[in-house]
Each structure stands twice: as structure tokens, then as C-alpha cells.
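Trainee: Using our numbering, you'd call the opening residue of the first sequence number 125 and step up by one each time.
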Amino acid sequence: MPELPEVETTRRGIAPHIEGQIVSSVVVRQPRLRWPVPDDLARRWVGQRVSSVGRRAKYLLLRSGTGTALIHLGMSGSLRVLSEQRAPGTHDHVDVGFANGITLRLNDPRRFGAVLWAEPDPFGHPLLASLGPEPLAEDFGPGHLYRQSRGRRGAVKNFIMDGRVVVGVGNIYASEALFRAGIHPLRAAGRVSAKRYELLQSCIRATLGAAIEAGGTTLRDFVDGSGQPGYFGQSLKVYGRAGEVCERCGDTIKQRVIGQRASYYCSGCQH
DNA sequence: AGTGCGGCCTGTCCGC
DNA sequence: TGCGGACAGGCCGCAC
């Protein structure tokens with residue numbers, strides 16, 4: 125289940141192989157993803173040179189002269205660069221062939237991912253238009269969360285997972301960042317002080333940044349072999365650790381569902 | 001406007 | 001051992 129660090133790791137893994145290459149074929153074996161893969165994707169994309177592989181939130185942006193392919197990995201998607209022909213396996217839904225012979229292959233068992241086309245400007249696409257700031261960018265400043273949260277009575281965990289507030293904070297890193305900041309996930313968003321939001325902001329950055337770095341260090345070969353980055357190698361303090369001892373205070377880590385998502389926290393440390 | 005929830009999917013795990 | 005069913009999870013889009 126790719127969170128932002130996994131998406132960024134994927135971006136870094138595929139970019140060197142894709143950038144500057146000309147799309148020569150698009151094969152869609154299963155168009156029914158989160159949204160249908162557009163019928164005219166091949167017609168619009170083939171012949172275009174991919175100028176850059178960018179990212180906005182968890183969307184990968186394969187930009188070219190006339191438009192941009194948006195790829196979302198959902199929670200089970202992965203991209204692989206193949207240097208030679210290989211028979212597609214189960215859930216290998218989309219292949220993008222390039223003139224130099226390589227293939228970008230999307231595998232997505234649960235099909236929560238997406239492949240879309242935006243033209244001419246990807247940021248005008250409805251899915252990207254109303255997204256909040258990137259967590260690692262300047263406009264996610266120390267006062268951002270505080271300002272956005274006034275009057276909001278929902279749980280702070282749901283608040284920081286709201287893509288209109290800040291993008292890229294998925295379920296795992298929401299629990300982790302709140303633990304590091306010492307904020308209880310159920311606390312009303314509007315009842316967290318400016319000072320504590322400043323800390324939370326830096327914890328979100330630090331958590332995601334460290335995870336990206338970890339992805340960078342474990343960045344395996346995205347060509348041919350299993351290029352799957354995994355977040356399991358990262359040091360998660362609370363996520364998935366219900367019943368275990370909190371390393372900070374020794375209390376028992378709890379789990380409960382918040383906003384229909386499994387949430388982990390330490391009630392000894394988080395208030 | 002803010003909030004909560006249904007739905008899309010399938011692999012994995014649990015209990016019988 | 002085999003099987004059904006619950007569950008997980010990103011996130012849109014709708015209902016309140």
C-alpha cells in the first residue's frame with residue numbers, strides 16, 4: 125500500500141529510465157481501475173516524449189509535450205521497468221512501451237490505482253485542482269495546520285489525512301506523526317494549539333522525509349527485478365504495534381478505528 | 001462548509 | 001485441509 129514515500133521512491137526509481145524516452149505503445153489489458161483508463165490514452169500518448177517524471181501528492185506525473193499521464197498506485201499498485209519482453213502476469217493491467225525497447229508495466233491487484241490523461245496542464249485536472257500543499261514543500265509552513273483547523277471539530281487524525289489540508293499523509297504516517305508529536309489522534313482538530321501544530325508539522329515532515337530517505341537507501345533496481353520499495357523496513361513506532369510496549373513510556377500501544385481506519389497510539393504519550 | 005460513510009477491489013488471515 | 005467471510009486500505013463522491 126504505497127504511501128507518499130513509496131510513491132516518491134517509485135518516481136526516483138523509474139525516472140532515469142523513462143525521462144527523454146518516446147512512447148511507442150500503450151497496452152491496456154484491464155481498463156477498469158479506480159476510474160476507467162481513457163479510451164484515447166494511446167492515441168494521445170504514443171509518439172510523445174516523456175520530458176519529466178514528477179509527482180503531486182500520490183500521483184505520478186509523466187509529462188510530455190501535449191499532456192501528462194497521471195498514474196496513481198492506489199494501495200496495491202506498483203510500477204516496474206522491463207528491459208526486454210516478458211509475458212504479462214496476473215494484474216499486469218497496463219504496459220507503456222518506449223521506442224528504446226523498455227516497458228513500463230503497471231501491476232495493481234486491487235485496482236484502486238488509476239491511469240489518466242490530463243491536457244494540457246495536469247494541475248487543472250479535477251483530481252489535482254483542490255489539493256493542499258506538499259508536506260515537504262515551503263507552503264506547508266509552521267502555521268498552516270493551525271490556520272486550517274480553526275473551527276473543525278473532527279478528529280485531528282482525519283484532519284491531517286484530508287488532502288485539501290495537506291497531501292500525502294496516509295494512514296500509517298498519520299499515526300506515526302501524531303505519536304511523535306504527542307497528540308492524541310481523537311483530539312478535535314480545532315482544539316490543538318498553534319504551538320502543538322508547529323510540532324506536528326515538523327513531525328509530519330520528519331516522518332515522511334525519513335521514510336523517503338529509507339526508500340532511497342533501500343532503493344532497489346526498478347529494472348527487471350522486484351523493484352518494490354517496502355515501508356516495513358522503516359522504524360514504525362506505533363503503527364501495527366497494538367499490544368506492544370511503547371518505547372517511550374512503556375505503556376501499551378492501543379488500536380482503534382478512527383474515520384474507518386485502523387489507528388494506533390499510546391495514551392501514555394499522546395493527549 | 002464540515003463531517004461521516006459507502007463503495008470500489010482482491011489477497012490475506014481467521015475461525016469453523 | 002478447505003472454505004466462507006471479515007478485513008484492510010486511498011480517496012472520491014454523496015448525504016446530511
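Where a beta carbon is used, it is the ideal one built from N, C-alpha and C, also for glycine.
Does the Cβ of T192 have 16 or more other Cβ atoms within 10 Å, making it buried, or fewer, making it exposed?
Mentor: Answer is buried; the Cβ neighbour count reaches 16.
Trainee: Do Q384 and A366 have their C-beta atoms closer together than 8 Å?
Mentor: No, the pair does not count as a contact, with Cβ atoms beyond the cut-off.
Trainee: Any idea which residues DSSP pairs P160 with across the strands?
Mentor: DSSP output for P160 lists R156 as bridge partner(s).
Trainee: Taking 8 Å as the threshold, find out whether the stretch 174 to 194 comes into contact with the stretch 134 to 151 through three or more Cβ pairs.
Mentor: Flag = yes, the stretch 174 to 194 and the stretch 134 to 151 touch.
Trainee: Could you spell out where the beta strand (DSSP E) holding N295 opens and where it closes?
Mentor: N295 -> not in any beta strand (DSSP E); alpha helix (DSSP H) instead, spanning N295 to A305.
Trainee: Going by Cα to Cα distance, which pick from K361, I226 and H249 is closest to R374?
Mentor: In the sequence as displayed, the identity of residue 374 is Gly instead of Arg. Closest option to G374, Cα to Cα, is K361.
Trainee: Once the 5 residues before and after E132 are set aside, which same chain residues still bring their CB inside 8 Å of it?
Mentor: Cβ neighbours of E132 beyond the five flanking positions: R179, I336 and G339.
Trainee: Using a Cβ distance threshold of 8 Å, determine whether the stretch 318 to 328 contacts the stretch 212 to 220, with at least three qualifying pairs required.
Mentor: Taking 8 Å as the limit for Cβ pairs, the verdict is that the stretch 212 to 220 does not touch the stretch 318 to 328.
Trainee: Confirm, please, whether the CB-CB distance from I195 to S207 is below 8 Å.
Mentor: Their beta carbons are not under 8 Å apart, which means S207 does not touch I195 by this criterion.
Trainee: Under three-state DSSP, which class holds V316?
Mentor: Reduced to three states, the DSSP call for V316 is coil.
Trainee: Using the rule of at least 16 other Cβ atoms within 10 Å of the residue's Cβ for burial, across every protein chain shown, is S364 buried or exposed?
Mentor: The sequence shown places Gly at residue 364, not Ser. Answer is exposed; the Cβ neighbour count stays below 16.
Trainee: Return the CA-CA distance between A301 and Y389, expressed in angstroms with no decimal places.
Mentor: Their backbone Cα atoms lie some 10 Å apart in a straight line.
Trainee: Contact check, S99 vs F283 under 8 Å by CB: the rounded distance?
Mentor: Since the first residue of the chain shown is 125 and the last is 395, residue 99 is not available in this structure.
Trainee: I need the boundaries of the alpha helix (DSSP H) containing F283, first residue and last residue.
Mentor: Where F283 is concerned, the enclosing alpha helix (DSSP H) stretches over V280 to I284.
Trainee: Within the continuous alpha helix (DSSP H) that includes L194, where are the two ends?
Mentor: Per DSSP, L194 belongs to no alpha helix (DSSP H); it is in the beta strand (DSSP E), T192 to H196.
Trainee: Would you call the stretch 245 to 261 and the stretch 162 to 177 touching, i.e. three or more CB-CB distances under 8 Å?
Mentor: Result no; under three Cβ-Cβ pairs closer than 8 Å.
Trainee: My output table needs one value for G178: the three-state DSSP class, helix, strand or coil.
Mentor: In the structure shown, G178 sits in a strand (DSSP, three-state: E or B).
Trainee: Report yes if the C-beta distance between R234 and G198 is below 8 Å; otherwise report no.
Mentor: Yes, these two residues count as a Cβ contact at 8 Å.
Trainee: Using the Cβ count rule (16 or more neighbours within 10 Å means buried), how would you classify V223?
Mentor: Before going on, a small fix: residue 223 reads as Ala here, not Val. By the 10 Å Cβ count, A223 comes out exposed.
Trainee: Take R372 and list the residues in its own chain whose beta-carbon comes closer than 6 Å to its own, dropping the five residues that flank it on each side.
Mentor: Cβ neighbours of R372 beyond the five flanking positions: C393.
Trainee: Between which two residues does the beta strand (DSSP E) carrying H217 extend?
Mentor: Segment D216 to F222, the beta strand (DSSP E) holding H217.
Trainee: Secondary structure at V131, three-state DSSP: helix, strand or coil?
Mentor: Helix at V131.
Trainee: If you compare alpha carbons, which of R271, S317 and L252 is closest to V291?
Mentor: Out of R271, S317 and L252, L252 has the C-alpha closest to the C-alpha of V291.
Trainee: Got a sec, what are the start and stop residues for the alpha helix (DSSP H) L400 sits in?
Mentor: This structure cannot settle anything about residue 400, because the visible part of the chain is limited to 125 through 395.
Trainee: Opposite Q379 in the DSSP bridges: which residues?
Mentor: Answer is Y388, bridged to Q379.
Trainee: I'd like to know whether the C-beta atoms of G221 and R276 end up nearer to each other than 8 Å.
Mentor: Against a cut-off of 8 Å, the Cβ pair of R276 and G221 comes out as no contact.
Trainee: Cα separation between V161 and V150?
Mentor: Straight-line Cα distance between these residues: approximately 11 Å.
Trainee: Buried or exposed: T134, going by 16 or more other Cβ atoms within 10 Å of its Cβ?
Mentor: With 16 or more other Cβ atoms within 10 Å, it is buried.
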